[in-house]
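Student: Input: one structure, supplied below.
Residue numbers (my numbering): 889 to 1310.
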């Protein structure tokens, strides 16, 4: 009970349901969709998270009050190099003249004490506030991890973990920061939900590897952040290749990867491939981030510089992105998808045309690019049952024929790849 926060219904049969965000959000959302699927008068259904009052969020900020931007670095799998990328991204942002902090949110397996070794990493409270925590200082960067506070990680129960994560993040006196990089634990569970409920994240960097299994996890990660209303600002494909130091030959041990498919399917414009580089691991094990040691002309140094540039530029671009509104109208017996910017109609697309243009793995072979579904297999009267914004650049469409994995970047919808309605 109490999951539905509000409902908007208009005379066109458009229904917008606002749900409370908690661990049952996805389950409740699917139940509502199933119940309303057979309701004939509903022409368009949107189910989204009720916007959280900014004033309510700010009361949880505590030590974050003077932090300008908060960036999540996430992966749905462990062992993909997420923490190494997080610390080097933070260090590179600092090398570019920014005030930076890093928070290791992994309670069961904190990595920050290994990545930045300090002789004295004890935590203290300021004299003026015994409930607050002073962060560790490393090369001018502020850092916090449960690993600095305790060596007993294995015996903590789930509810305790989320409380510790929240407390360390909000009670740490971060001071004036341009960027706080938060190294998320792997997965899409309660800790991720808690962090994004309590604090407004400005963007997420998702780390993956070239294998297909990792690609499937990236999709889960992007969808999780969409639900949590955190824009995915960049994808990093780690271990994309190995460059032989003897012959300079490029070896792709884990395959070609799926970056192009991710960019096409989700409209995420910024991505980076990071090669296998043994010195990166050696630096991490020695407690010295690689970007503090490598020469500026080194390939890996420049990769992290490119990543930090991407993050900064994308956060700026988010505030300037054109805002599109996607709706539907009936023209005769055909449904038309309408793309609007403000009051201006940018394009009209026949619902059948949009459905046949789906590029998901069920409709297009991910390796050959060949269409799997034939045009004559798509119902002529197919309609978009639900349209939801996905990230910054795309929408997800649920179709009346049961197809529910269609994602359309705005750029694709407005391009010549999809014909306009006559």
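Glycine included, every Cβ here is placed at the ideal spot set by N, Cα and C.
As the structure is a computational prediction, the values presented were derived from the model and not from experiment.
Could you please give the first and the last residue of the uninterrupted alpha helix (DSSP H) stretch that includes residue 977?
Tutor: Here residue 977 refers to the residue found at position 89 of the chain shown. Counting along the chain, the alpha helix (DSSP H) containing residue 977 begins and ends at 970 to 983.
Student: Among the residues of its own chain, which have a CB less than 8 angstroms from the CB of residue 941, if the five just before and after it don't count?
Tutor: What you label residue 941 is simply residue 53 of the chain shown in a count that begins at 1. Bear in mind that the predicted position of residue 941 carries a pLDDT of just 48, short of 50, making it unreliable; the figure below should be weighed with that in mind. Excluding positions up to five away in sequence, the list is empty.
Student: So, helix, strand or coil for residue 1200, using DSSP?
Tutor: Reading the chain shown from its first residue, position 312 is the one you call residue 1200. It is helical.
Student: Using only the alpha-carbon positions, how far apart do residue 908 and residue 1118 sit?
Tutor: The residue you call residue 908 lines up with position 20 of the chain shown. The residue you call residue 1118 lines up with position 230 of the chain shown. Their backbone Cα atoms lie some 16 angstroms apart in a straight line.
Student: Are residue 906 and residue 938 close, meaning C-beta to C-beta below 8 angstroms?
Tutor: On the chain shown, residue 906 is found 18 positions in, with the first residue counted as 1. On the chain shown, residue 938 is found 50 positions in, with the first residue counted as 1. Cβ distance < 8 angstroms, so residue 906 and residue 938 count as in contact.
Student: Cβ of residue 1159 within 8 angstroms of Cβ of residue 1147?
Tutor: The count along the chain shown starts at 1 and reaches residue 1159 at position 271. The count along the chain shown starts at 1 and reaches residue 1147 at position 259. Yes; because the gap between Cβ atoms is below 8 angstroms, this pair is in contact.
Student: Can you find the residues in the same chain that come closer than 6 angstroms, C-beta to C-beta, to residue 1348, ignoring five residues on each side of it along the sequence?
Tutor: With the chain covering only 889 through 1310, there is no way to say anything about residue 1348.
Student: Cβ atoms of residue 971 and residue 1071: under 8 angstroms apart, would you say?
Tutor: Position 183 of the chain shown, counting from 1, holds the residue named residue 1071. Position 83 of the chain shown, counting from 1, holds the residue named residue 971. Result yes, Cβ atoms of residue 1071 and residue 971 sit closer than 8 angstroms.
Student: Within the continuous alpha helix (DSSP H) that includes residue 1215, where are the two ends?
Tutor: Counting from 1 along the chain shown, the entry for residue 1215 is found at position 327. Segment 1212 to 1219 is the beta strand (DSSP E) holding residue 1215; no alpha helix (DSSP H) there.
Student: Are three or more beta carbon pairs between the region 928 to 935 and the region 1274 to 1286 nearer than 8 angstroms?
Tutor: These segments touch.
Student: Check each candidate in 958, 1240 and 1062 and name the one with the smallest Cα separation from residue 1203.
Tutor: Position 315 of the chain shown, counting from 1, holds the residue named residue 1203. Closest by alpha carbon: 958.
Student: Within 10 Å of its beta-carbon, does residue 1096 have 16 or more other beta-carbons around it, so buried, or fewer, so exposed?
Tutor: Position 208 of the chain shown holds residue 1096. With 16 or more Cβ atoms within 10 Å of its Cβ, residue 1096 is classed as buried.
Student: If you draw a straight line from the alpha carbon of residue 843 to that of residue 1212, how long is it in whole angstroms?
Tutor: Given that the chain is displayed from residue 889 to residue 1310, the structure contains no residue 843 and the question cannot be resolved.
Student: Taking the runs of the beta strand (DSSP E) that are 3 residues or longer, which of them lie wholly in the region 1139 to 1175?
Tutor: As far as the region 1139 to 1175 is concerned, its whole beta strand (DSSP E) runs of at least 3 residues are 1159 to 1164.
Student: Note the first and the last residue of the continuous beta strand (DSSP E) segment covering residue 1287.
Tutor: Here residue 1287 corresponds to residue number 399 of the chain shown, with the count starting at 1. Residue 1287 -> beta strand (DSSP E) spans 1282 to 1287.
Student: Using 8 angstroms as the cut-off, can you tell me whether the region 1257 to 1272 makes contact with the region 1237 to 1249, which would need three or more C-beta pairs spanning the two stretches below that distance?
Tutor: The region 1257 to 1272 vs the region 1237 to 1249: in contact.
Student: Check for me: the beta strand (DSSP E) holding residue 1096 runs from which residue to which?
Tutor: In the chain shown, the residue the question calls residue 1096 occupies position 208. Segment 1091 to 1096, the beta strand (DSSP E) holding residue 1096.
Student: With residue 1293 and residue 1250 assumed to form a contact (beta carbons below 8 angstroms), what rounded beta-carbon distance in angstroms separates them?
Tutor: In the chain shown, the residue the question calls residue 1293 occupies position 405. In the chain shown, the residue the question calls residue 1250 occupies position 362. Indeed, because the Cβ distance is near 6 angstroms, the residues count as touching under 8 angstroms.
Student: Hey, quick one: how far does the alpha helix (DSSP H) through residue 1036 stretch, first residue to last?
Tutor: Stepping through the chain shown from its first residue, residue 1036 is reached at position 148. Taken as a continuous stretch (DSSP letters only), the alpha helix (DSSP H) holding residue 1036 covers 1034 to 1037.
Student: Alpha carbon to alpha carbon, how far is residue 1261 from residue 987? Give it in angstroms, no decimals.
Tutor: Reading the chain shown from its first residue, position 99 is the one you call residue 987. Reading the chain shown from its first residue, position 373 is the one you call residue 1261. So the alpha carbons of these two residues sit roughly 51 angstroms apart.
Student: Looking at the strands, I want to know which residues DSSP matches up with residue 1126.
Tutor: Along the chain shown, one-based indexing puts residue 1126 at 238. Looking at the DSSP assignment, residue 1126 forms a beta bridge with 1162.
Student: Taking a contact to mean a Cβ-Cβ separation below 8 angstroms, would you say residue 1163 touches residue 976 in this structure?
Tutor: In the chain shown, residue 1163 corresponds to position 275, counting from 1. In the chain shown, residue 976 corresponds to position 88, counting from 1. Not in contact: residue 1163 and residue 976 (Cβ atoms no closer than 8 angstroms).
Student: Check the DSSP bridge columns for residue 894 and list the partner residues they point to.
Tutor: The residue labelled residue 894 in the question sits at position 6 within the chain shown. 906.
Student: May I ask you to check if the CB of residue 1115 is nearer than 7 angstroms to at least one heavy atom of the ligand PLP?
Tutor: As for the ligand PLP, it is missing from this structure, which has no ligand bound.
Student: Quick check: the region 1121 to 1139 against the region 1194 to 1203, are at least 3 beta-carbon pairs closer than 8 angstroms?
Tutor: Yes, since at least three Cβ pairs between the region 1194 to 1203 and the region 1121 to 1139 fall closer than 8 angstroms, the two stretches touch.
Student: How about the region 1126 to 1146 and the region 996 to 1004: do they share at least three Cβ pairs that are nearer than 8 angstroms?
Tutor: As far as the Cβ criterion goes, the region 1126 to 1146 does not touch the region 996 to 1004, which means the pair count is below three.
Student: Could you tell me whether the Cβ atoms of residue 1297 and residue 1155 are closer together than 8 angstroms?
Tutor: By one-based count along the chain shown, residue 1297 stands at place 409. By one-based count along the chain shown, residue 1155 stands at place 267. For residue 1297 and residue 1155, yes; Cβs fall inside 8 angstroms.
Student: From residue 995 to residue 960, what distance separates their C-alpha atoms?
Tutor: The sequence position of residue 995 within the chain shown is 107, counting from 1. The sequence position of residue 960 within the chain shown is 72, counting from 1. Whole-angstrom Cα-Cα distance: 16 angstroms.
Student: Just verifying my parser: in three-state terms, what is the DSSP assignment at residue 1272?
Tutor: The residue you call residue 1272 lines up with position 384 of the chain shown. Strand, per DSSP.
Student: Please confirm whether residue 1196 and residue 1161 have their CB atoms less than 8 angstroms apart.
Tutor: Locating residue 1196 in the chain shown gives position 308, counting from the first residue. Locating residue 1161 in the chain shown gives position 273, counting from the first residue. Not closer than 8 angstroms, so no.
Student: Quick check: the Cα distance between residue 1228 and residue 950, rounded to an integer number of angstroms?
Tutor: Along the chain shown, one-based indexing puts residue 1228 at 340. Along the chain shown, one-based indexing puts residue 950 at 62. Distance between the alpha carbons of residue 1228 and residue 950: 39 angstroms.
Student: Pull the bridge partners of residue 1207 from the DSSP assignment, please.
Tutor: Counted from its first residue, the chain shown places residue 1207 at position 319. DSSP output for residue 1207 lists no bridge partner at all.
Student: Apart from the five residues on each side of it in sequence, which residues of its chain come closer than 6 angstroms, Cβ to Cβ, to residue 1138?
Tutor: Sequence index remark: in the chain shown, residue 1138 carries index 250 (1-based). So the list reads 1129 and 1131, once near-sequence residues are dropped.
Student: Under the assumption that residue 1074 contacts residue 966 (Cβ atoms under 8 angstroms), give the Cβ distance between them as a whole number of angstroms.
Tutor: Here residue 1074 corresponds to residue number 186 of the chain shown, with the count starting at 1. Here residue 966 corresponds to residue number 78 of the chain shown, with the count starting at 1. Indeed, because the Cβ distance is near 4 angstroms, the residues count as touching under 8 angstroms.
Student: What is the residue span of the alpha helix (DSSP H) that residue 1066 lies within?
Tutor: Locating residue 1066 in the chain shown gives position 178, counting from the first residue. Note, residue 1066: premise wrong, no alpha helix (DSSP H); beta strand (DSSP E) at 1065 to 1071.
Student: So, using beta-carbon positions, are residue 1087 and residue 1056 closer together than 8 angstroms?
Tutor: Along the chain shown, one-based indexing puts residue 1087 at 199. Along the chain shown, one-based indexing puts residue 1056 at 168. Not a contact, by the Cβ cut-off of 8 angstroms.
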